[in-house]
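Numbers 31 to 422, taken from the working numbering, label the letters of the sequence shown in order.
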Amino acid sequence: MQTIQQSFKVEYSYAVFFTHYLFDQKNPLLKNFFNDYSEQGFQRKALVIADEGFLHHHPEIPGQISSYFSESVPQVQLASEIISVPGGETAKNDINTFNRLVEAVDTYGIDRHSFIIAIGGGAVLDLVGYAAAVSHRGIKLIRIPTTVLSQNDSGVGVKNSINFHGKKNFLGTFAPPVAVFNDLTFLKSLDDRDWRSGIAEAIKVALIKDAGFFEWMEEHATALAHRDTESMAYLIHRCAEMHTDHIAGGDPFEFGSSRPLDFGHWAAHKLEYLTNFEIRHGEAVAIGIALDCVYAAKAGRLPEADLNRILEVLHKLGFELYHPKLSENDKINLRNGLQEFREHLGGQLTIMLLDKIGKGTEVHELDTEIISDAVDFLSAFQAQLSESRVLE
């Protein structure tokens, strides 16, 4: 019989909104969004799933959500409860949490014409997005990121996942949201670690794509470290813009092995597991960026002056640049992360290294001796910084 060859394209489109006080009755943003989904005589449903830490800091939010939908979006029927889930990687590590969300979809009759609204940091959005993507083969997902990292990076992309078999993001999907709502007022309740953590992703994208943006962060590092809201609002918008531009212009579902936006992440993913997720994702990424930049300098790719600028900015923002787990077991545990990262890519190992600030080149192998030297360099560098603080 003759072979049947098929080819088709599916177009995705979604907006990333920036606002304040999203659930205030005076804010029409959500109302206008849902009006585009109105159908005569048809009431859609919505299930809200939120980070329990966020709800703890914002106990007024459930009441505000209920009032907003009943008064401004009556055509959407909310499930009778807001499902709360643990924040951070805990959300992605426990398969029972995922199962609980799928059961809630069934219990409340959330179908493919309904919405799942995810409120929380990047890990919670990953978890909820995965549950939404696999339930009924795809339920409309609305993301409401509540951290710097999720507003400028993970929450605006197309990935969803949970951790499994001791590996980061082992189970997951590529499924875009129907909208992202960045409420900048939610950032006020973040502790300093979470405020700082998301800045690492902005540094990442600037280093590989936009030297001018990195220079802006050099100039505003002190303001960012001291929680200047205007500076952070610009950083989030610019980083989100670059992230979405990359998705639209490249390989959004990652059919190839190229992963420029994973710069600094091979070591970061492994370090998160080695520390049992005691460090934040962004903190691990900052160390991963530092490690790969030192590696690039030692390999003769990155000028020493550029390396010094990068390390200075990371330090000025308050990041630690070394963790003892990097050196554990003669650094074998860390180097195992390379093989795990290759498996995660699904093909050839592809690592982004810097040639200069704003320009990277992908390589397909790393020298384990240079990795070891880079770890030792960061250990000594961090020790020197710590000693300087004591003397001050």
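Just so you know, even glycine gets a beta-carbon here, dropped at the ideal spot from N, CA and C.
All figures in this text were calculated on a predicted structure; none of them were measured in a lab.
- The beta-carbon separation of residue 145 and residue 122, rounded to 22 Å, does not stay under the 8 Å limit for a contact.
- Taking the Cα positions, residue 47 is about 6 Å away from residue 212.
- Around the beta carbon of residue 174, 16 or more other beta carbons lie within 10 angstroms, which makes this residue buried.
- Residue state for residue 306 is assigned as coil, using DSSP reduced to three classes.
- Excluding residues up to 5 positions away in sequence, 203 lie with their Cβ nearer than 7 Å to the Cβ of residue 164 in the same chain.
- Less than 8 Å separates the beta-carbon of residue 315 from that of residue 230.
- For residue 150, no alpha helix (DSSP H) segment is defined; the enclosing uninterrupted segment is the beta strand (DSSP E) at 145 to 150.
- The continuous beta strand (DSSP E) containing residue 46 extends over residues 45 to 49.
- Taking a C-beta distance under 8 Å as the contact criterion, residue 94 and residue 63 do not qualify as a contact pair.
- Residue 408 places its beta carbon less than 8 Å from that of residue 351.
- Secondary structure of residue 124 (DSSP, three-state): coil.
- The shortest C-alpha to C-alpha distance from residue 416 to any of 253, 184, 289, 353 is the one to 353.
- In the three-state reduction of the DSSP assignment, residue 186 falls in the helix class.
- The three-state reading of DSSP puts residue 391 in strand, counting E and B together.
- In the structure shown, residue 210 falls within a strand segment according to DSSP collapsed to helix, strand and coil.
- Ranked by Cα distance from residue 257, the first of 226, 266, 237, 234 is 226.
- Contact check between the stretch 264 to 276 and the stretch 373 to 388: fewer than three CB pairs, one atom from each, fall below 8 Å, which does not count as touching.
- For residue 193, the three-state secondary structure derived from DSSP is strand.
- The straight-line gap separating the alpha-carbon atoms of residue 137 and residue 80 is approximately 17 Å.
- Beyond the five residues adjoining it in sequence on each side, residue 340 comes within less than 6 Å, by CB distance, of 323 in the same chain, given in chain order.
- The three-state reading of DSSP puts residue 107 in strand, counting E and B together.
- The three-state reading of DSSP puts residue 324 in helix, counting H, G and I together.
- Linking residue 290 to residue 101 through their CA atoms gives a straight-line distance of about 44 Å.
- Under the three-state reduction of DSSP, residue 357 is assigned to coil, being neither helix nor strand.
- Put simply, the backbone Cα of residue 140 is about 22 Å away from that of residue 85.
- The straight-line gap separating the alpha-carbon atoms of residue 106 and residue 263 is approximately 31 Å.
- DSSP places residue 114 in the uninterrupted beta strand (DSSP E) bounded by 113 to 115.
- Excluding the 5 residues flanking it on each side, residue 99 has same chain C-beta neighbours closer than 7 Å at 106, 108, in chain order.
- Between residue 276 and the set 55, 383, 133, 184, the nearest pair of CA atoms involves 184.
- Under the criterion of beta carbons closer than 8 Å, residue 156 and residue 190 qualify as touching, at roughly 6 Å.
- DSSP places residue 169 in the coil class of the three-state scheme, outside both helix and strand.
- One alpha carbon belongs to residue 330, the other to residue 394, and they sit about 16 Å apart.
- By the neighbour-count criterion, in which 16 or more other beta carbons inside 10 Å mark a residue as buried, residue 222 falls on the exposed side.
- Per DSSP, residue 346 is one residue of the alpha helix (DSSP H) stretching across 334 to 346.
- Taking the CA atoms as reference points, residue 97 sits about 40 Å from residue 292.
- Under DSSP, no beta-bridge partner is assigned to residue 398.
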